[in-house]
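Undergrad: Please read through the structure below; I'll follow up with questions.
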Amino acid sequence: NFMGRSSTASASFMVFGNPNVPIVQVRGGTSFTTTPSSVLTIYSSSTKASCAEKQVTFSTRWQVYTTDMVLVSSAVTTSRDPSILVLSPLTLSPGARYRAVVTTTASASNTQPSVSATAEAQITVQNGQVIARVSGGDSRLVPATEVVRIDASSSYDENLGSAAPSVGLTFAWTCSYLTASQFGASCNNVFVTGTTTQPSVSVQGLLLDSTQIYSFTVRAASADGRSASKS
1 NFMGRSSTAS ASFMVFGNPN VPIVQVRGGT SFTTTPSSVL TIYSSSTKAS
51 CAEKQVTFST RWQVYTTDMV LVSSAVTTSR DPSILVLSPL TLSPGARYRA
101 VVTTTASASN TQPSVSATAE AQITVQNGQV IARVSGGDSR LVPATEVVRI
151 DASSSYDENL GSAAPSVGLT FAWTCSYLTA SQFGASCNNV FVTGTTTQPS
201 VSVQGLLLDS TQIYSFTVRA ASADGRSASK S
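Numbering (the UniProt record's numbering), first residue to last: 1 to 231.
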């Protein structure tokens, strides 16, 4: 300046020579949580830079990796739209984490080679629930002279899916009175011996009192401690 003082400033720029590099984004954030029995859907978008050549076309694909970047070959999208990752139930393992990588490639032009860009999402797979089910409804009236069978064999672990009923589950049946005079008291003596740890329990009808109301409860539990009960 006029006083003889001066200063300098500098800036660094990195110039990518190919103007057709796609701008790729994962929509809705970059971290997703799911369960094994759920359908997982992740959307992406790919756009052209303002300086991109108009005739360039994009192709997009998703790939799923473990956190150690090992390709999960079974994790293939079922979507017809390549920009959308749709994974069917039971594709991913409970308790695991994954990296979903979307890659968009711009086609080669007369002046530029093909070029790709990626974006990534983190996937956390939480344990599903144990679903306890009792067939025949919540209430029934039965003859006191018959062996009564109560069936919970359709119970399942969401980690394995409803197509695998009872698999990996242990069962425990209990009986309690609902009538006011003995409310909450145990009536486990009515069970046929050896059936209270089975998916279906048998009750000795001759031991049932027609003046009483009984509640039969099953607890279904997985090996890792998750459980659910149904009466």
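Yeah, the Cβ is synthetic: ideal placement off N, Cα and C, and Gly gets one too. What you are looking at is a predicted structure, and each value in this text was computed from that prediction instead of being measured.
Could you tell me the alpha carbon to alpha carbon distance between PHE32 and GLY17, rounded to whole angstroms?
TA: 34 Å
Undergrad: Relative to the C-alpha of THR57, which residue among VAL115, TYR43 and VAL76 is closest?
TA: VAL115
Undergrad: Which runs of the beta strand (DSSP E) spanning at least 3 residues fall entirely within the region 67 to 155, listed in chain order?
TA: 84 to 87, 97 to 106, 115 to 125 and 147 to 151
Undergrad: When you compare the CB positions of SER227 and THR217, do they come within less than 8 Å of one another, or not?
TA: No. Outside cutoff.
Undergrad: Since ARG226 is in the beta strand (DSSP E), which residue starts that stretch and which ends it?
TA: Careful: ARG226 lies outside any beta strand (DSSP E) and carries neither H nor E.
Undergrad: Tell me the DSSP secondary structure of VAL190 in three-state form.
TA: For VAL190, the secondary structure class from DSSP, reduced to helix, strand or coil, is helix.
Undergrad: Can you give me the C-alpha to C-alpha distance between ALA117 and SER59, rounded to a whole angstrom?
TA: 11 Å
Undergrad: Our contact map puts GLU120 next to ALA100 with C-beta atoms below 8 Å; I'd like the distance itself, whole angstroms only.
TA: 7 Å
Undergrad: Below 8 Å on the Cβ atoms is my contact criterion, and I expect TYR43 with ARG27 to pass it. Report the Cβ-Cβ distance as a whole number of Å.
TA: 4 Å
Undergrad: What are the start and end residues of the beta strand (DSSP E) that includes LEU30?
TA: Sequence check: residue 30 is Thr here, not Leu. Segment: none, THR30 is in no beta strand (DSSP E) and carries neither H nor E.
Undergrad: Any idea which residues DSSP pairs SER46 with across the strands?
TA: In DSSP, SER46 forms a bridge with VAL24.
Undergrad: Would you call the region 144 to 152 in contact with the region 87 to 98, where contact means no fewer than 3 C-beta pairs closer than 8 Å?
TA: no
Undergrad: Is VAL167 buried or exposed, if buried means 16 or more other CB atoms sit within 10 Å of its CB?
TA: The residue in question, VAL167, is exposed, as its Cβ has fewer than 16 Cβ neighbours within 10 Å.
Undergrad: Work out the CA separation of ALA172 and SER83 for me, nearest whole Å.
TA: 47 Å
Undergrad: Buried or exposed: where does CYS51 fall if 16 or more other Cβ atoms within 10 Å of its Cβ makes it buried?
TA: exposed
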